[in-house]
Structure formats: structure tokens, C-alpha cells
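Taking our numbering, the leading residue of the sequence shown gets 1475, the next gets one more, and so forth.
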Amino acid sequence: AEVSAEDIARPAVIQALSDAGITRSDIDSAFISHLYQGEVFGQRLLRGLRFPEIPIANMENACASGSTAVREAWLNIAAGQAEAALVVGVEKMSRGLISFVSADVELTLGNVAPAQYALAARRHMHEFGTSAEVFGKIVGKSRRHAERNPNVRFREPVTLAEVMQSRPIADPITLLQCCRNGSGAAAVVLANESWCRRHGAAAIWIRGVGLSSFMSDNEKRALTNFGGTRAAARAAYEMAGLGPDELDIVELHDAFAPGELLHYEGLGLCEKGGGARLVTEGTTSLGGRVPVNVSGGLLSKSHPLGATGVAQFAELTWQLRGTATGRQVEGARVALAHSQGGTGLEAGATAVTILTRD
């Protein structure tokens, strides 16, 4: 039977409200992230769930839509316009490559996402001696994590040989190094401090947020730098008063395996050119110094665009609460969420958020 986007999103909303121990009438505003679900989708979704008349905003910021929606809900609460806000991310995806209505010149000429990441991967290999196998090892790590997550689409372990021998997509990227298109939804509730105290909620704090769009298209660019990631991370760290050395767990945008390694460097988890070392030493694996994508990441979950960023916040909330059974990062207190999207070698939008347990 045909499943609508509303059908996909509805259980996520119900579960988020249940988790918070509240009802529809406790929500003061709602922010709904999606790319392809049509006009006023949030209103259609929440009307079907019999929500009262509240302000509803639909957010589109490419693959960073979900994280942008969380940011807007946070600002809405900080401005005193709401005590409790609902964020829902949803996407019903079609088959094939992600399509963009307004393609830039590079995309029109064939520089689609796999080609972008392949260019960056090849340049990293040239500049820093990174091996193609390192990117394959990232996939193996993600699948090992995914085995522990019941919410993940692809939970079967894969060997390095299987990754490297899967169908070539854009050298050095192979099929298993690419995230899959997949439909899905996620939802979270944000509230102010007094609301949390009244409801006895264990607070997970948003300490810093960065949202960046890298605009220097007329400048010479380094293929291995994702400028949006660096700028958004810098803003988030500064606002939070924390640095990358203090992170306990990271959920980042791994649409392609080389992207994960490049974002290690952009987020300051290591020096420029040092991403391969984090992989080979197990630093970013569960049990390592700073586990990355313990959820399984996009490589295991697939990538429902509007939902992806919101799902990161759900995972990190469970981790900071200490309730991520089977995949818990012990003692996690500081977390980072990173998502990016758009066309071109630099992301159209990148969001980085720092969360803490206390």
C-alpha cells in the first residue's frame, strides 16, 4: 500500500510527545523540516493529528533542514515566544540521485554529489597519502555501530573487501561508501528551563549553535576544505565555551564515506590531514576517544533529507541521558551534531550544534 509522508511522520510525533510526557496542548509552536513534501506540509501533518492552533513554520535548508529547524525552535524559545516547541523532520524519498530544483553551474555540468566527494577524496589522497582503504574502513565502523541500533535500515556487517569490491560509483568511492535514499521521520521536543523543572524533565542543554553558508564561490578553494563546516563549528564552539577536545560523541553528516573523514578535520577532531589516523587508530569507533556516528550514520540509516538532522538530536539525547542501550558511550556529557547540504563543492548550508548533559 502507498504510504504518505504524513503516515511516515505521525509515529515520530506521537513518540516524541510520549517521551516528553506531554500532550498536543502543551506545545506552543512547531517547526517542520522537509524538502519535497509540498506547501504547508507541517500544517497538514499536525491538523491530521488534531493539534490546536499554534504557530507552524516549514523549514527548507537542503540536508541541513532538520538541524536548522532545531535552531529556529531554540531561538523561538530563547526569545520568549514559546515554552515548549515541537520539531519534526520528515521526507518521503524517490529512487535515484537527490534532485535539486535550482541547480548551480557545477551541478548542471555533472558535478553531482558522488563526483564532488570523489574529487575531495582524491585530493586528500594526493596531499596527505590517505589510502582508499581508509574510506572503506569508515563504512565497516558505521556498520559495526549499526548492529547495535534497532532503528537503522542496514545492520548487516560488511568486510573491507566487500566495501572495496562493491560497484564503483566515482573513483575512489564505491557503492557501499554511499548513503542510500530512504524515507523516514524524526521528532524532538524543546523546552525552556522552567518548563523542564515543572515537568521533571532531565535537561539536555543546547550550549552552542553555528549555521554557515560558504559564499566565496569566486575564490580559489581547497578541495579538502569544507569551509561551511569550519565556520559553523567555530561559531558553535565559541558560543558553548567548549572545544573539540572536550567532545565525548559526535553525529556528523556522512553522506559519503570520504565526507566523514573530511569533517573530522573540519570539526577540529584532528589536524588537517590527520583524519586517516583517527580511523586506523579506532579513535572514532565505539570505545575510542571520540566515537563518531554511533547510530550507524547515514551510511547505515539512509538519508531522508528533512529528517536526518532531527534524528541526530534524538540519538544524542539518548546518549546524553545514558539510555542508548547496546551502543551507549559511557559517561557521555558533551555531544556535537553536524549536518550539511546543498550543491557545489562547498555546502549551501552547514549546521553545528553543541549539547551537554548538565
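By construction, the Cβ of each residue, glycine as well, lies at the ideal position given by its N, Cα and C atoms.
The structure displayed is predicted, hence computed values, not measured ones.
Beta-bridge analysis with DSSP links SER1503 to ALA1559.
Per the coordinates, the alpha-carbon of GLN1511 lies some 37 Å from the alpha-carbon of LEU1716. Here PRO1485 carries a helix assignment [DSSP, helix/strand/coil]. Its Cα nearest to that of VAL1662, the residue ALA1483 stands out among ASP1722, PHE1609, ALA1483, GLU1476. Between ALA1594 and LEU1736, the C-beta gap is smaller than 8 Å, which places the two residues in contact.
Within 10 angstroms of the beta-carbon of ASP1832 lie fewer than 16 other beta-carbons, which makes it exposed. Taking the CA atoms as reference points, ALA1785 sits about 17 Å from TRP1679. Measuring C-alpha to C-alpha distances from GLN1489 to each of ILE1612, ALA1547, ALA1659, VAL1637 identifies ALA1659 as the nearest. With respect to the C-alpha of CYS1537, the residue from LEU1685, GLY1674, GLY1800 having the closest C-alpha is LEU1685. Taking a C-beta distance under 8 Å as the contact criterion, ALA1543 and VAL1564 do not qualify as a contact pair. Each residue's CA atom was taken as its position, placing GLY1770 and LEU1794 some 17 Å apart. Straight through space, the alpha carbons of THR1824 and ARG1763 are spaced by roughly 25 Å. Counted as a single uninterrupted DSSP element, the stretch harbouring VAL1613 is not any beta strand (DSSP E) but the alpha helix (DSSP H) occupying residues 1606-1620.
Counted as a single uninterrupted DSSP element, the alpha helix (DSSP H) harbouring ILE1551 occupies residues 1539-1552. Just so you know, the alpha carbons of ASN1535 and GLY1816 end up roughly 8 Å apart. Less than 8 Å divides the Cβ of SER1503 from the Cβ of ALA1556. One thing to note: PHE1609 has its Cβ within 8 Å of the Cβ of GLN1651. A Cβ-Cβ contact shorter than 8 Å links LEU1741 with HIS1812. Counting along the chain, GLU1725 sits inside the beta strand (DSSP E) bounded by residues 1723-1725. 8 Å or more divides the Cβ of GLU1607 from the Cβ of ARG1617. THR1824 sits in a strand when the DSSP states are folded into three classes. About 11 Å separates the Cβ atoms of VAL1632 and THR1648, ruling out a contact at the 8 Å cut-off.
Here ASN1623 has SER1769, GLY1770, ARG1801 as same chain residues with Cβ atoms under 7 Å from its own Cβ, once five neighbours each way along the sequence are excluded. If you draw a 10 Å sphere on the C-beta of VAL1613, you find 16 or more other C-beta atoms in it, and that means buried. In this model, ALA1479 and GLU1601 are separated by some 44 Å (Cα to Cα).
For LEU1685, no alpha helix (DSSP H) encloses it; the enclosing beta strand (DSSP E) starts and ends at 1679-1686.
Residue pairing by DSSP places GLN1814 opposite THR1824 in a beta bridge. Residue environment for PRO1642: exposed (fewer than 16 other C-beta atoms within 10 angstroms of its C-beta).
Annotation for ALA1709: GLY1684 place their beta carbon closer than 6 Å to its own, counting only its chain and skipping 5 residues before and after. The secondary-structure analysis by DSSP pairs GLU1565 across a beta bridge with GLY1658. With respect to the 8 Å criterion, LEU1760 and HIS1598 are not classified as neighbours on the basis of their beta carbons. Taken through DSSP and simplified to helix, strand or coil, LEU1664 comes out as strand.
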